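A quick write-up on the structure given underneath.
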Amino acid sequence: MNPSDNLKQIVEAALLASGKAMTLDKLLELFDEMEQPEKKELRVVLQELGEDYAGRGIEVKEVASGWRIQVSKECAPWVSRLWEEKPGRYSRALMETLALIAYRQPITRGEIEDIRGVSVSTHIMRTLLEREWVRVVGQRDVPGKPSLYGTTREFLDYFGLKSLDELPTLAEIRDLDVINEELNLQEPGAAATDDAAVAEEQNTSDDLQHESADPQAQETAPEESSPQLEPEAEQNTLTAADTDTDEKQA
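The following block contains the structure:
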């Protein structure tokens, strides 16, 4: 096979086999010194591949780390069902923090807290750092030398961006709850926390309903307003009542 005549096929096969983004320099390493194409030729081939894949279930996409073959956005919801493990979901607080870092970088944790009006938990910052979506890019020249945070190439790759210039403008950003729902993202372990919050909210609502009920109705039906006893506690209460009855009969 002559590399010059089959350059498109070689590049396509390399992107497919790699399973990750490849830079032009990395693609050039596939060829011997005497048969290496020019970077301009590679760009032309990659553009042709992108046109060939247009309208299909997969696409050739340029991201921050290079070029890669990936599932198209339209087919992603169905393809994701191939994996039993569902993608992690992240909280609104984490997504807001990530958005502030992306749009206002470099930014300190204190500045994020000033903008959001609430403190940023250590867990959120640790998660962003462990995911390698953000990194420390320096320190602010103020007392305490707080760390400055910025986004990474991994952040751009994950969201399919070539550069920060491709981020939507602030005017185009919709409510983060809607974005979270579309991306199906939630912080790991947050499901149980959300369920507990819903249960607590429901219990609070029930308590308020009991307090606002008609006092006369509460007097006539004390059993309905009184909390339910646990099975063990209820059994102990009945045993004590039976004992009093037996003593009176004696």
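In this text, residue positions in the sequence shown follow this note's numbering: the first is 6, and each later residue adds one. Each residue gets a CB set at the ideal place from its N, CA and C atoms; glycine is no exception. Remember, it's a predicted structure, so these values are computed and weren't measured experimentally.
- For E67, the enclosing beta strand (DSSP E) stretches over residues I63 to V68.
- Nearest to E34 by alpha-carbon distance, out of R97, V16 and G143, is V16.
- Contact annotation, L20 with R73: C-beta distance approximately 6 Å; criterion of less than 8 Å satisfied.
- In the structure shown, the three-state DSSP call for L172 is coil.
- Residue burial is scored here from C-beta neighbours: M39 has fewer than 16 other C-beta atoms within 10 angstroms and is therefore classed as exposed.
- For G115, the closest alpha carbon among the candidates S124, W138 and R109 is that of S124.
- By the Cβ neighbour-count rule, L87 is exposed, with fewer than 16 other Cβ atoms within 10 Å of its own.
- For L172 and L166, the gap between their C-alpha atoms comes out near 8 Å.
- Looking at the DSSP output, T156 shares a beta bridge with V139.
- Counting every other CB atom within 10 Å of its CB across the protein chains shown gives G143 a total below 16, marking it as exposed.
- Of the other Cβ atoms in all chains shown, 16 or more fall within 10 Å of the Cβ of D162; this residue is therefore buried.
- The three-state secondary structure of Q110, taken from DSSP, is coil.
- A contact between stretches requires three or more CB pairs, one per stretch, nearer than 8 Å, and the segment 89-108 meets this requirement with the segment 130-148.
- Counted as a single uninterrupted DSSP element, the stretch harbouring R73 is not any alpha helix (DSSP H) but the beta strand (DSSP E) occupying residues G71 to V76.
- For G122, no alpha helix (DSSP H) run applies, since DSSP gives it neither H nor E.
- For Q144, the pairing in a beta bridge is given by DSSP as S152.
- When the beta-carbon positions are compared, E89 and Q75 stay at least 9 Å from each other.
- For D57, the enclosing alpha helix (DSSP H) begins and ends at K44 to D57.
- Inclusion of W138 and T113 in the CB contact set at 9 Å is not warranted, their separation being larger than that value.
- The criterion of a C-beta distance shorter than 9 Å is satisfied by S70 and A26.
- For E89, no alpha helix (DSSP H) segment is defined, and its DSSP state is neither H nor E.
- In this chain, the alpha helix (DSSP H) harbouring E17 covers L12 to S23.
- In the three-state reduction of the DSSP assignment, M100 falls in the helix class, which pools H, G and I.
- The residue from H128, D37, R121 and L47 with its alpha-carbon nearest to that of Y95 is H128.
- It is roughly 18 Å from the alpha-carbon of Q52 to the alpha-carbon of S23.
- According to the DSSP secondary-structure assignment, M27 is paired through a beta bridge with W72.
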